[in-house]
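Worksheet for the structure shown next.
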Amino acid sequence: MPIVAVVNQKGGVGKTTVTLGLASAAAQRGKRVLVVDLDPQANATSGLGVWEPATTVDLALETDRPGSASSLAVPTAWVLESGMAPDLLASTPALSAREPQLANDPVGAQDRLQLALEGNDYDLVVIDCPPSLGLLTINGLFAADRALIVTEPGAWASDGVANVQLTISRIAARRNGRPEVAGIAVNRLGRTRDAHYWHTMLLEQYGSQVFAPVHMRAAVAEASAQSLPIHGLGNRQGASDAAQEFDTLLDSVVPEMTGSGGRVVAPAPSASTEPIGGSDASV
Amino acid sequence: MPAYDPQRTRNRPAPATDRPAPVDAFLDAMPPSRLIPEGVDSDTKARGDAVVNAADTDGAVNPIAEESVIDAAPRVTADVPRQPSPPVVRPTSDNRSKIAIAVIAATIALVAVLLLRRKRR
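Respectively, the protein sequence lines represent chains H and F. Quick note on our numbering: the first sequence kicks off at 7 and runs consecutively. Quick note on our numbering: the second sequence kicks off at 2 and runs consecutively.
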């Protein structure tokens, strides 16, 4: 069962957008998906239509609770054509108080999420990591078998790719190669010359590690604001293009899911009259 | 990038890979029972003790010992009540003084009996 950590120590690059896009694409294919929201901002939680959850990921991190993820997960409000909706290990702002406790745990608390995910029967687990390097992010990376680095085409975000690659390599060196870097997702690619420049720089520097980009579209931001899956926006202009890009990204990150049964192929891209760059799609 | 090059005056430095990274501070502070280094086989006993086989390491574990047992007993879920440990009787200073008094009394009694026998002879 693939466990993907969506990560970048740099904030505002769209980790949550990509997490939800991947979850939407996998659920649309009829897969059982668990989203783990490790960010105390809880944007993935609200993006999945969950407010005031009965249980949160904080309980899984409080102490060693092997195999507790399935019982702590809550259903989400998403509705997809496949009839499948992701489950969620929800976050709350109170999760920010857990991090210093994890850091001061004398026994070591870096693998509590890994223990909680033991034995679960989901087809895919996607972990939305917080935008900082701490015990929450380290728990996400310890639990994952692969890491997806999310960036946007910009100077500071490109710096963040190198930093998070170093972080992952140092952890993998002590963990028998886990997690491996699945690749780099370039999010919110717009039409400015600066975006084009930094996208080209990423391609030159990281080559085949850079996946096909997710373009900046107002539909993605609207899906987040309405707590809807990008595959469930109907005929909203740009939604099908965005859904197709997340389908492609899922194929790249989790190739073992490619061509699996139940997949709903998104319609062909329409002529681009979509206002690109009109809104901030990052969550 | 002939027309637009925001790095033409200064290229952005990459993070040094031969120096400690920020994450190393977290990893160095972690106990070895939860961070098994590469190349070390680890087994887990039913009680939860992790056994690190020193023969498979590159000198990371003290080679004098055949095997090092790392106590991982704290890995118990909060939902499972801990088994109460059996009571252990340990000598206290109070017990020790009572034993000493008894020994001294027995010795005095023995000496007194011996002296009485000598006098009778």
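Positions of the beta carbon are idealized from the N, C-alpha and C atoms, including for glycine.
Three-state secondary structure (DSSP) of residue i
| i | result |
| --- | --- |
| glutamate 158 of chain H | coil |
| serine 43 of chain F | Unreliable positioning characterises serine 43 of chain F in this predicted model, as indicated by a pLDDT of 49, which lies under 50. The coordinate reading is nonetheless provided below. In this structure, serine 43 of chain F counts as strand in the three-state DSSP scheme. |
| leucine 111 of chain F | helix |
| aspartate 134 of chain H | strand |
| arginine 38 of chain H | coil |
| valine 226 of chain H | helix |
| methionine 31 of chain F | coil |
| arginine 121 of chain F | helix |
| serine 74 of chain H | coil |
| glutamate 67 of chain F | Caution applies to glutamate 67 of chain F, whose pLDDT of 45 falls short of 50 and renders its modelled position unreliable; the value that the coordinates give is listed next. Correct three-state label for glutamate 67 of chain F: coil. |
| serine 88 of chain H | coil |
| asparagine 169 of chain H | helix |
| alanine 60 of chain H | coil |
| asparagine 145 of chain H | helix |
Selected residue, minimal CA-CA separation from residue i, among the options
| i | options | result |
| --- | --- | --- |
| aspartate 212 of chain H | H:Leu256, H:Ala191, H:Val226 and H:Arg223 | For the record, residue 212 of chain H in the displayed sequence is tyrosine; it is not aspartate. Ranking the options by Cα distance to tyrosine 212 of chain H, first place goes to H:Ala191. |
| aspartate 64 of chain H | H:Met263, H:Gly18 and H:Asn145 | H:Asn145 |
| histidine 205 of chain H | H:Pro159, H:Leu108 and H:Gly89 | H:Pro159 |
| valine 216 of chain H | H:Ala188, H:Gln47 and H:Arg223 | H:Ala188 |
| glutamate 228 of chain H | H:Leu123, H:Asn14, H:Gln243 and H:Lys37 | H:Gln243 |
| glycine 36 of chain H | H:Ala245, H:Gln47 and H:Asp129 | H:Asp129 |
| aspartate 70 of chain H | H:Thr143, H:Val113 and H:Met90 | H:Val113 |
| threonine 82 of chain H | H:Ser76, H:Thr51, H:Leu67 and H:Asn169 | H:Thr51 |
| serine 230 of chain H | H:Arg199, H:Ser258, H:Ala218 and H:Ala245 | H:Ala245 |
Pair within 8 angstroms by beta-carbon distance, residue i and residue j
| i | j | result |
| --- | --- | --- |
| histidine 237 of chain H | serine 74 of chain H | no |
| leucine 141 of chain H | glutamate 186 of chain H | no |
| aspartate 165 of chain H | serine 97 of chain H | no |
| valine 41 of chain H | alanine 150 of chain H | no |
| valine 290 of chain H | leucine 94 of chain H | Here chain H comprises residues numbered 7 to 289, so residue 290 of chain H is not present and cannot be evaluated. |
| valine 39 of chain H | alanine 60 of chain H | no |
| glycine 17 of chain H | proline 137 of chain H | yes |
| asparagine 169 of chain H | proline 7 of chain F | no |
Contacting residues, own chain, Cβ-Cβ under 6 angstroms from residue i (five flanking each side not counted)
| i | result |
| --- | --- |
| valine 260 of chain H | Pro8 |
| phenylalanine 148 of chain H | Gln116, Asp117 and Gln120 |
| asparagine 63 of chain F | Below a pLDDT of 50, predicted positions are generally treated as unreliable, and asparagine 63 of chain F, at 44, falls in that range; the measurement from the model is reported next regardless. Cβ within range, chain order: n/a, list empty. |
| glycine 125 of chain H | Gly73 |
Same chain, Cβ closer than 8 angstroms to residue i, neighbours up to 5 away in sequence not counted
| i | result |
| --- | --- |
| glutamate 87 of chain H | Gln34, His237, Gly238 and Val270 |
According to DSSP, residues forming a beta bridge with residue i
| i | result |
| --- | --- |
| glycine 189 of chain H | H:Leu154 |
| aspartate 43 of chain H | H:Asp134 |
| isoleucine 9 of chain H | H:Val131 |
| valine 80 of chain H | H:Leu94 |
| valine 220 of chain H | H:Asn193 |
Residues near residue i by beta carbon distance below 7 angstroms, same chain, minus five either side
| i | result |
| --- | --- |
| valine 12 of chain H | Lys21, Val24, Thr25, Val132, Ile133, Asp134, Cys135, Leu154 and Val156 |
| leucine 209 of chain H | Val216 |
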